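There are 2 protein chains.
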Amino acid sequence: MKSPVNLDLGTIAYNIGEGALEIAGKHFTKFSKCFLLEDENTERYCLPVFKKALPNLKVHGIIRIQSGEVNKNIEQCIIVWEQLTKLKADRDSILINLGGGVISDIGGFVAATYKRGIHFVNIPTTLLGQIDAAIGGKTGVDFMGFKNQVGLFIDPMAVVVDPIFLKTLDDIFWQSGFAELMKYGLIMDRDLWAMLIHRNYKELDDEWNKLIMKAAKDKIDIVRFDNSEKGIRKILNFGHTIGHAIETFYLKKNDAITHGQAIAAGMICETWLSSQLSELEGSPQCEIWKLIDKNFDRLDITEENISELLHIMKQDKKIRKGKFRFSLLRRLGKAIHDVEVDDSLVIESLQFYIQKQNFS
Amino acid sequence: MKSPVNLDLGTIAYNIGEGALEIAGKHFTKFSKCFLLEDENTERYCLPVFKKALPNLKVHGIIRIQSGEVNKNIEQCIIVWEQLTKLKADRDSILINLGGGVISDIGGFVAATYKRGIHFVNIPTTLLGQIDAAIGGKTGVDFMGFKNQVGLFIDPMAVVVDPIFLKTLDDIFWQSGFAELMKYGLIMDRDLWAMLIHRNYKELDDEWNKLIMKAAKDKIDIVRFDNSEKGIRKILNFGHTIGHAIETFYLKKNDAITHGQAIAAGMICETWLSSQLSELEGSPQCEIWKLIDKNFDRLDITEENISELLHIMKQDKKIRKGKFRFSLLRRLGKAIHDVEVDDSLVIESLQFYIQKQNFS
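In order, the protein sequences belong to chains A and B. The working numbering puts the first sequence at residues 1 to 360. The working numbering puts the second sequence at residues 361 to 720.
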């Protein structure tokens, strides 16, 4: 894609594609002061790219936090609130969130609550950020071992998805993003699924740009219709109810795995649940499991971990009146939401993951 | 007023008057779980009243924080988030904020951010809470010495203003509320002003109910038109730009004064500014100063404190591009907003407060 697409939808502007950063950057000068949030990785790899693309932008202050989900906590929010206060950010200021999901989650929450709200813009620099975290207004931090326990639905002024940042990424990030790409294919985009099937994330090379733009637009389509997750947006949670619990489980034992690794495992379990409760047939099931196993090693979860995983799951925000409500697949490219699932079936799905190793 | 008024305006229900609590309480049972936020004072004086009025309501957990503006901080928010997590509050839960401005400010912010938002209702138990803090969706906490530096505009599901709670109040709270009553009179309600003039807050007795309901409705009228403080709502800040700085100043030296005491001093200064910049004439000016001095002792601010007060004011959320913007009086019952004021005039207004003692 040569020129970026500017989807100016309602109050949020989406700038997507090559050159998006330069075009969006022209709007950053409208504010009284401009602040940038980064971590040690984006400082090293992305800030030079940002500065080169926008040489004339005056940045009044750069605020650095520590990278990684393990640092997505209220203490880091306090650091950012403190820095904004010290740097005398006023209500006409803008905060530019330059980084992955942790940066946009913390930066969005802090900007929305500093002086009861200043402007902010997300410039996702990771694959996951570009196709998921930076789009849709979910912000917040983990708390007491629970993911996103404290946060807000709040939209940025703009989301800038520019592939220029992806050149700096390690293999592990591509793998992590691949899990979310699969998810979009499975829940809503059969064309995307067809582009992924039988593939390994290491072999995609020149196709990535196209895949990312497709997934980013899928996400935008969903949140445009249901930003506050009252209905259709819930299908984005496919793989995430169990996946989040797994992610939290590893986080708690200080052995963090990537979001994609957790979601891949979650999708194996929830695909199994889909066959039990939502008419998903045997052949697409195997297709899904094979593609996941082709791209992800199995995690070392055992039978003994199941009760703890269930305990973590019970704290999920999607729990209503003590009942699990899952988003499941009806067929390839089509998901349904709010399927009530008993504890016993969730346990069985985890047992399936543990016992039926590797379909690839 | 014998039966409470139910102003069901848009998504927020206002229940105002005697018996309001009992009527509103019927709706609290709709939620999966019901939690109550209190401080040591409301536990002692208001919780028994609450329980007596709603004997059949099942409360799943009571969360207690420490009273006082000095405790309106992020650490107390963390305590409430922790308690909600431990008590397994889910997204269908409701948090009942039983108390004054500190309770509704903290409770609203925490409820709005716990699991990205649960329901909450404000039951103000102080005069200030009933006519101001609980209405209009301003929530948040003080941070690094600045008032409401971290917070949100977020509306409760309902506000219940029941005079039954006021029977428990000390004199100092009546005095504090009197300053805000005066403010409503001055900025928008000449009838209210006429009911207050030449009076002392200690002598009002049976008239309080009527005054409170009138002021609460004034506040509701304003926030209905401009909840996000883009325009007319700013007139509520009369007396508060300088008043907040004074409140912060005393808070910082661990010698807290009431909100009303600070605002009374702020109104003396800003009435003087109104005569300089907004055509307010001499005779109403003296009327205002006299009524304030009749009800409030002067504070021990000195010339030496002025630079620190100015420094605090520069961090005010209403500052835009480094310039002060005040809400000032045009005449009794009429205010204007966004009047640019130079530092030098603000200093003069404080000198006026210090030098021209007591008009009563």
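For glycine and all other residues, C-beta sits at the position ideal for the given N, C-alpha and C. Source: prediction; values computed, not measured.
With 16 other Cβ atoms within 10 Å as the buried cut-off, status of residue i
{"i": "Asp300 (chain A)", "result": "exposed"}
{"i": "Pro408 (chain B)", "result": "exposed"}
{"i": "Gln715 (chain B)", "result": "exposed"}
{"i": "Arg233 (chain A)", "result": "buried"}
{"i": "Glu664 (chain B)", "result": "exposed"}
{"i": "Ser667 (chain B)", "result": "exposed"}
{"i": "Asn718 (chain B)", "result": "exposed"}
{"i": "Lys183 (chain A)", "result": "buried"}
{"i": "Ser687 (chain B)", "result": "buried"}
{"i": "Glu400 (chain B)", "result": "exposed"}
{"i": "Lys507 (chain B)", "result": "buried"}
{"i": "Gly322 (chain A)", "result": "exposed"}
{"i": "Lys318 (chain A)", "result": "buried"}
{"i": "Ser344 (chain A)", "result": "exposed"}
{"i": "Phe225 (chain A)", "result": "exposed"}
{"i": "Cys77 (chain A)", "result": "buried"}
{"i": "Glu203 (chain A)", "result": "exposed"}
{"i": "His198 (chain A)", "result": "exposed"}
{"i": "Lys138 (chain A)", "result": "buried"}
Residue i: contacting residues in chain E (beta-carbon distance under 8 Å)
{"i": "Leu512 (chain B)", "result": "Note that chain E does not occur in the displayed structure, where the protein chains are A and B."}
Simplified DSSP state of residue i, which is helix, strand or coil
{"i": "Asn587 (chain B)", "result": "coil"}
{"i": "Gln83 (chain A)", "result": "helix"}
{"i": "Ile319 (chain A)", "result": "coil"}
{"i": "Val470 (chain B)", "result": "helix"}
{"i": "Leu689 (chain B)", "result": "strand"}
{"i": "Gly537 (chain B)", "result": "helix"}
{"i": "His60 (chain A)", "result": "coil"}
{"i": "His558 (chain B)", "result": "coil"}
{"i": "Gly500 (chain B)", "result": "strand"}
{"i": "Asp399 (chain B)", "result": "strand"}
{"i": "Phe50 (chain A)", "result": "helix"}
{"i": "Ile316 (chain B)", "result": "This structure cannot speak to residue 316 (chain B), because chain B is shown only from 361 to 720."}
{"i": "Asp338 (chain A)", "result": "strand"}
{"i": "Ala215 (chain A)", "result": "helix"}
{"i": "Ala373 (chain B)", "result": "strand"}
{"i": "Gln509 (chain B)", "result": "strand"}
{"i": "Phe324 (chain A)", "result": "strand"}
The ligand MN heavy atom lying under 6 Å from the CB of residue i
{"i": "Glu303 (chain A)", "result": "This structure lacks the ligand MN; in fact it carries no ligand of any kind."}
Under 8 Å from the C-beta of residue i: neighbouring residues of chain B
{"i": "Ser93 (chain A)", "result": "Neighbours of Ser93 (chain A) on chain B: none; closest Cβ ~10 Å, over 8 Å."}
{"i": "Gln149 (chain A)", "result": "Trp441, Thr445, Tyr474, Lys475"}
{"i": "Ile78 (chain A)", "result": "Ile434"}
Partner residues on chain A for residue i, Cβ-Cβ distance less than 8 Å
{"i": "Gln426 (chain B)", "result": "Under the 8 Å cutoff, chain A gives no residues; its nearest Cβ is about 19 Å from Gln426 (chain B)."}
Anticipated Cβ contact below 8 Å, residue i with residue j, distance rounded
{"i": "Thr125 (chain A)", "j": "Cys46 (chain A)", "result": "5 Å"}
{"i": "Ile94 (chain A)", "j": "His119 (chain A)", "result": "4 Å"}
{"i": "Gln535 (chain B)", "j": "Gly620 (chain B)", "result": "6 Å"}
{"i": "Gly151 (chain A)", "j": "Arg476 (chain B)", "result": "5 Å"}
{"i": "Thr601 (chain B)", "j": "Glu630 (chain B)", "result": "7 Å"}
{"i": "Ala539 (chain B)", "j": "Val519 (chain B)", "result": "Going by Cβ atoms, the distance from Ala539 (chain B) to Val519 (chain B) rounds to 21 Å, so no, they are not a contact pair."}
{"i": "Leu458 (chain B)", "j": "Ile491 (chain B)", "result": "Not quite, the Cβ-Cβ distance comes to about 17 Å (not below 8 Å), so this is no contact."}
{"i": "Val501 (chain B)", "j": "Ala576 (chain B)", "result": "In fact, because the Cβ distance is near 24 Å, the residues do not count as touching under 8 Å."}
{"i": "Ile220 (chain A)", "j": "Pro163 (chain A)", "result": "16 Å between Cβ atoms; not a contact."}
{"i": "Val462 (chain B)", "j": "Gly428 (chain B)", "result": "7 Å"}
{"i": "Leu36 (chain A)", "j": "Ile62 (chain A)", "result": "5 Å"}
Within chain B, the residues that residue i reaches when beta carbons sit closer than 7 Å
{"i": "Asp90 (chain A)", "result": "Ile679, Arg680"}
Beta carbon proximity, residue i to chain A, threshold 7 Å
{"i": "Met517 (chain B)", "result": "no"}
Contact set between residue i and chain A, taken where Cβ atoms lie within less than 7 Å
{"i": "Ser392 (chain B)", "result": "Lys321"}
{"i": "Gly500 (chain B)", "result": "Arg116"}
Chain-ordered chain B contacts of residue i [CB-CB under 9 Å]
{"i": "Met144 (chain A)", "result": "Trp441, Glu442, Thr445, Lys446"}
Cutoff 7 Å: residue i Cβ touching any chain B Cβ
{"i": "Lys2 (chain A)", "result": "Its pLDDT being 43, under 50, Lys2 (chain A) is placed unreliably by the model, and the measurement read from it follows with that caveat. Closer than 7 Å: no."}
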